[in-house]
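Okay, so here's the structure we're looking at.
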Amino acid sequence: MPVLRQAEKLSHILNKTTAASLSHAHQAHAHLLKTGIYNVPRYTTKLLSLYANHQCFYDAENLLNSLSRPDIFAFSTLIYSYTKFNEFKRTLRLFCEMFYNGLFPDAHILPSVIKACSGLSILEIGKQVHGFGLTSGVALDSFVESSLIHFYVKCNELVDAHKVYDNMVERDMVSWSALAAGYARKGDVLSAKKVFEEGKKRGFEPNSVSWNGMIAGFNQSGCFVDAVFMFREMHLRGFESDGTSISSVLPAIGDLRDLKMGIQVHGYVIKMGFGVDKCIVSALIDMYSKCGCAPEMSQVFEEIDLVDLGACNALISGLSRNGLIDEALKVFKEFQGQRMELNVVSWTSMIACCSQHGKDIEALELFRSMQVAGVKPNSVTIPCVLPACGNVAALTHGKAAHCFSLRREFSDDVYVGSALIDMYANCGRIQIARRCFYRLPVRNVVCWNAMMGGYAMHGMAKEAIEIFYQMQQSGQKPDPVSFTSLLSALSQSGLTEEGHHYFESMSRDYGIEARVEHYACIVSLLGRSGKLEEAYSIIRKMPFEPDACVWGALLSSCRVHHNMSLGEVAAKKLFELEPHNPGNYILLSNIYASKAKWNEMDKIRNIMRGMGLRKNPGCSWIEIKNKVHMLLAGDKSLPQMAQIMNKLNELSMEMKKSGYLPHTDFVLQDVEEQEKEHILCGHSEKLAVVFGILNTNEGSPLRVIKNLRICGDCHAVIKFISRFEKREIYVRDTNRFHHFKDGECSCGDYW
DNA sequence: ATAGGGTTAG
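When we follow UniProt numbering, the leftmost residue of the first sequence carries the number 1, and every step to the right adds one.
Structure, rendered in structure tokens:
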């Protein structure tokens, strides 16, 4: 067959090849191979683009590699497609190969290449591409420059983005809306609006992409008021919002809890027929959930014709946000049953829901199930599951999650890092927490606060103060949380003077007004050292209403220092603020008990009984050989209970011999006559310690975590055990570690 | 053939 005829045939096949039929492409490819017209760019380029649009990248690259002299069109076709399908690494590889083939990119290819650099957020490579563009002159093109602006914005280099913008000969709508959106995304409201206005001054009307970029940008940087403002402005200027603007503004409306506005937008959605848009529906569900409207949220979900995953996820997190944990779990299981392909967001939401609402074991179980289900946890999942590990001392699970992050290379993420610091500190491994902290290449305020909080929990005030100064030396300003951590560290160590100093300094030197949690810290700081009157006078001078935490801090201090009159004041307030919290009644009745005011004590107990309130069950966790054991006071079902009781008896004999007497106050009021005989009552932390002694090697330290405050009697008993059994014992209660060694405790006597 | 915008998890 003459070459011409063959070419015609090929051309015919290629023209027949629609997006739907790949077989024609393969046929044409075979034809190319058979004939000698392999290097006719017209055909190969067409074929390349067919392959690429079908995402048959293997075939496409095969074809490209078989060309003896691929031209620039062949490369640009494939590069364009790679970028279009987010195959950014392939884009960059091909870009390099172009140079090896002696070809130089033109202004048509660079935008795709730069977009790939944006997608991968690799600043260095992008800068090199930029440099090449400048030296070759290719960068003097508005398309290239716009993509460069976007690239620098994406890499958080606003200054460079602005430089590109400044050097442009002719700016267009795309360039200034990209820059304005960049400033909006960074939260620089003034610059964003300035650039936005400048475009208008030059005679360009913002189009829908410009408006949407601003709304989305403000939304992402937390400038919710500005996001909603832009949305309104857009309408005033006569722009109809499209689906994108709606789904960008709804989260902002939700965060502002602006239900009225939300309902208006919902109405608009219905009117415009946007109700079929997946993103909008998810955003509506999210908005209602943030406004606390669980029924409306569920209704939007009910009305969806074709349920999509985004909406399911929004529903799960919405239920969780509104405290409907069991509902969320039910819905999650239902979706699973309906063979819904749950993704990493679904699982992560569910895990977060459990770990945020005290269902730690469930969270750990879900984390395991998700991996069994073949869904890979990501850098958001890890910080959701780690607190659960910390709460129940599941160090092995925590370490596994740590290893997982190392393998997947997101252990350097600031949120993962902070959660790791927190988890290790909560599991009593402050040195590992410390190592994680110093390993982090970049730290934000959350990391610093986590480290300070860890030291606080371990009563290491000196180290906490050091971190407080280090963070400032490294240019990180403290935030309100930093002061909470710092003050609680000082409070744990009884550094009253210093605590007072930093409390004053907070507003004076740092411009941070004391929040209610800071008042709670300073009250417990003063209360701990017995300065109860001073604490009370601070409460009275507070510029806003003290909450239950503040009064609670005062009440527990009164309990420790046996101050009845102030204790009654605090308790009275607490009974108003949280009438159903049994802890407050118990504290007050314990104060009465310590003063032998049996009548008053009985009165409080009767009130409790009348309200049907029972003491929160105490429980402790201990991890032994990779398994977490939960111990409940008086749990008869524990297999080793008999052994534990034997051991307790043995210990109690020893204690009697060395003259130990239990506290005479509240502990004995709570227990059965028979148990009083044993001196050692059934409190869970004590059970956990003995359980640990029975099940671990001699000399190895024990780490126990308790959900409530450690009991005074247990405190003394564990001190004894630490000496008698020659064990280091760490017990963490609600906010700190008690380190028992050689009959001493790191925080001195019972607190 | 080329550039800019969206939902749900911390």
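C-beta atoms are modelled at their ideal positions from N, C-alpha and C, and glycine is treated no differently.
This structure is a prediction, so every number in the text was calculated from the model and none was measured.
Between the alpha carbons of residue 432 and residue 425 lies a distance of about 8 Å.
Rounded to the nearest angstrom, the Cβ distance from residue 516 to residue 550 is 6 Å, consistent with a contact under 8 Å. In this structure residue 50 is not in contact with residue 43, their Cβ atoms being roughly 11 Å apart against a cut-off of 8 Å.
Nearest in C-alpha terms to residue 245, of all of 315, 54, 216, is 216. Distance from the CA atom of residue 181 to the CA atom of residue 393, rounded to whole angstroms, is 45 Å. Boundaries of the beta strand (DSSP E) harbouring residue 627: 627-632, taken from the DSSP string. Counting every other CB atom within 10 Å of its CB across the protein chains shown gives residue 165 a total of 16 or more, marking it as buried. One thing to note: residue 147 has its Cβ within 7 Å of the Cβ of residue 115. In chain order, 322 place their CB closer than 6 Å to the CB of residue 294, counting only its own chain and leaving out the 5 sequence neighbours on each side. Counting only the Cα atoms, residue 447 lies some 7 Å from residue 414.
Partner residues in a beta bridge of residue 26, as assigned by DSSP, do not exist.
The continuous stretches of alpha helix (DSSP H) do not include residue 515, and DSSP gives it neither H nor E. Distance from residue 719 to residue 743 at the Cβ level is roughly 5 Å; contact confirmed, criterion being Cβ atoms closer than 8 Å. Look at the beta carbons and you see the stretch 592-610 not touching the stretch 625-642: under three pairs across the two are nearer than 8 Å.
Cα atoms of residue 562 and residue 697: separation of roughly 40 Å, rounded to the nearest angstrom. Bridge partners of residue 619 according to DSSP: 632. Annotation: the continuous beta strand (DSSP E) that includes residue 703 extends over 702-706. When C-alpha distances from residue 381 are compared across 349, 398, 389, the shortest belongs to 349. In the three-state reduction of the DSSP assignment, residue 729 falls in the strand class, which pools E and B. Here the alpha carbons of residue 723 and residue 745 stand approximately 11 Å from one another.
Sequence-distant partners of residue 740 (beyond 5 residues in either direction) whose C-beta falls short of 6 Å from its own C-beta, in its chain, are 718, 719, 722, 729.
A Cβ-Cβ contact shorter than 7 Å links residue 285 with residue 300. Runs of alpha helix (DSSP H) with 4 or more residues, each lying fully within the stretch 524-592, are found at 532-540, 548-560, 564-577, listed in chain order.
Within its own chain, the residues whose Cβ lies closer than 7 Å to the Cβ of residue 725, once the five positions on either side in sequence are excluded, are 693, listed in chain order. A distance below 8 Å between beta-carbons, with the five flanking residues on each side excluded, links residue 339 to no residue of its chain. Within its own chain, the residues whose Cβ lies closer than 8 Å to the Cβ of residue 303, once the five positions on either side in sequence are excluded, are 275, listed in chain order. Here residue 325 carries a helix assignment [DSSP, helix/strand/coil]. Closest in C-alpha terms to residue 107, from the list 87, 281, 137, comes 137. Rounded to whole angstroms, residue 567 and residue 224 show a C-alpha spacing of 43 Å. Between residue 117 and residue 151 a beta carbon distance of about 6 Å is seen, short of the 8 Å cut, so the two are scored as contacting. Looking from the CA of residue 686, the closest CA among 732, 657, 489 belongs to 732. The beta-bridge partner set that DSSP reports for residue 744 consists of 741.
Residue 263 sits in a helix when the DSSP states are folded into three classes. Contact annotation: residue 297 and residue 267 have beta-carbon atoms that are not nearer than 7 Å. Listed as beta-bridge partners of residue 624 by DSSP are 627.
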